[in-house]
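Quick notes on the structure that follows.
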Ligand code: SF4
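In the numbering used here, the protein residues as written are 682 to 1041.
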């Protein structure tokens, strides 16, 4: 038994997860079809691209090359042009090579077997499993970085998930939970959970359908999971930091009493996925904010690059609902801030955006 309570098993997670997925999944075009070709294109596109950004690319691609055959017969230049903006062009070249290979072998669409999918150019175990399960209903776990994070947290796994032992443990938990009747939806639901609620730096456990069996939630260790081996490079995240200014005062948010930088004050920020940005940073994005460059900081394995927005608010009441305060120059100077916010404070004073307090 893996879980804290001997009465709860991993298998019990599948039905609530699928119910949540049915009710809350984001309506992407590749989720409205079982066409193996369309699913394959989406899985390859999303390898390095955020889902929301991939929507328009996927639509355009499917208009230009609606079938495997149309792709196989396209010119290299046309295909690379359709990929423009997505980067990592080897993915487009591999799609084309795979389509031509399948056409030569007489396939009208993709093969309905994990092994044959896996053997195609540019198709790794994750993509093969995603296509096999979503398009053909085969019961194979599609484990990507999102899935590794979710299962590391469900198990409160202390082994590095990027090493063999850790990955095997996660995979075996995934296989146990994967239902026979809706494996494709289950795989998509795990990815969706990792991309929305079980985010790297801000898991929304209170809304999570698996909260009742999550050991990291129970033990308060979600932010420390997954563990990565020392060889693993740190992960980079990009986000937005907002400096709200009203007169000569700035807004400092108070962090929650537990977790990362507990109780610290800071300038409000949020990192991806974009769908989870806080109302504060949405406000910063909407207003005609001045761009204040960027700030970089890191914690545990995360490297953050935050675009700074300086937002002059005419009505400071906009932030009433947020736990924080409006600090005058002396209070700002005296506040204890984490490194990233500390750098911003230096700039605010240095560039005269906020008048420096008189020397005490
Ligand atoms: S309860 Fe929290 S940490 Fe656990 S899977 Fe859900 S969002 Fe992730």
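Idealized CB from N, CA, C, for every residue including glycine.
All of these numbers come straight from a predicted model, not from anything done at the bench.
Sufficient close CB pairs (3 or more, under 8 Å) joining the segment 925 to 936 to the segment 1017 to 1036 = yes
Checking contacts by CB at 8 Å: is residue 822 closer than that to chain C?
-> As a matter of chain content, chain C is missing from the structure shown, which is built from one protein chain.
Between the CA atoms of residue 864 and residue 695 - distance to the nearest angstrom = 10 Å
Whose CB is closer than 7 Å to a heavy atom of the ligand SF4? List the residues in chain order.
-> 831, 834, 835, 874, 878, 879, 884, 885, 886, 889, 891, 892, 895, 897, 898, 903
Helix, strand or coil for residue 898, going by three-state DSSP, please let me know.
-> helix
Confirm, please, whether the CB-CB distance from residue 872 to residue 825 is below 8 Å.
-> yes
Would you report the Cα separation of residue 776 and residue 699, rounded to the nearest angstrom?
-> 31 Å
Let me know if residue 956 comes out buried or exposed under the rule of 16 or more other beta-carbons within 10 Å of its beta-carbon.
-> Note that residue 956 scores 36 on pLDDT, short of 50, meaning its location in the model is unreliable and no value can be drawn from it.
Straight-line Cα distance separating residue 763 from residue 745 = 8 Å
Rounded to the nearest angstrom, how far is the Cβ of residue 781 from that of residue 753, given a contact under 8 Å?
-> 5 Å
Have a look at residue 938 and residue 1028 and give me their C-alpha separation to the nearest angstrom.
-> 28 Å
Can you list, in chain order, the residues of its chain whose CB lies under 8 Å from that of residue 771, leaving out five sequence neighbours each side?
-> 803
For the putative contact between residue 948 and residue 988, defined by C-beta atoms under 8 Å, what is the C-beta separation to the nearest angstrom?
-> About 12 Å separates the two Cβ atoms, so there is no contact after all.
Can you tell which of 851, 976, 986 has its C-alpha closest to the C-alpha of residue 691?
-> 851
Spatially closest choice to residue 747 from 879, 892, 789, by CA coordinates = 789
Measuring alpha carbon to alpha carbon, tell me which of 812, 807, 858 ends up nearest residue 716.
-> 812
Nearest-angstrom Cα separation, counted from residue 919 out to residue 682 | A caution first: residue 682 carries a pLDDT of 38, below 50, which makes its placement in the model too unreliable to give a value.
Tell me whether the beta-carbon of residue 831 lies closer than 8 Å to the beta-carbon of residue 795.
-> no
Which residues in the same chain as residue 768 place their Cβ atom closer than 7 Å to its Cβ, once the five residues preceding and following it in sequence are excluded?
-> 729
Alpha-carbon to alpha-carbon, residue 951 and residue 859 = 32 Å
Neighbourhood of residue 1011 by C-beta, 6 Å cutoff - its chain only, sequence neighbours within 5 removed = 1038
Buried or exposed for residue 976, please, with buried defined as at least 16 other CB atoms from any protein chain shown within 10 angstroms of its CB.
-> buried
For residue 794, which of helix, strand or coil comes out of DSSP?
-> coil
Assuming residue 823 and residue 814 make a contact with CB atoms under 8 Å, what is their CB distance in whole Å?
-> 6 Å
Let me know the secondary structure DSSP gives residue 973 once reduced to three states.
-> strand
For residue 828, the three-state DSSP class (helix, strand or coil) = helix
For residue 1025, three-class secondary structure by DSSP | helix
Residue 834 beta carbon less than 8 Å from that of residue 879 = yes
Whether residue 749 touches residue 783 by CB criterion (8 Å) | yes
Pick from 862, 907, 866: whose alpha carbon is nearest that of residue 884?
-> 907
Element boundaries [alpha helix (DSSP H), containing residue 691] = Where residue 691 is concerned, there is no enclosing alpha helix (DSSP H), given that its DSSP letter is neither H nor E.
From what residue to what residue does the beta strand (DSSP E) around residue 1008 run?
-> 1005 to 1008
Can you give the beta carbon distance from residue 779 to residue 761, rounded, assuming they're within the 8 Å contact cut?
-> About 15 Å separates the two Cβ atoms, so there is no contact after all.
Determine the contact status of residue 902 and residue 843, defining contact as a CB-CB distance below 8 Å.
-> no
Could you tell me the boundaries of the alpha helix (DSSP H) in which residue 874 lies?
-> 864 to 876
Sorted by chain position, which residues of the same chain lie with C-beta nearer than 6 Å to residue 890's C-beta, five sequence neighbours on each side aside?
-> 697, 698, 701
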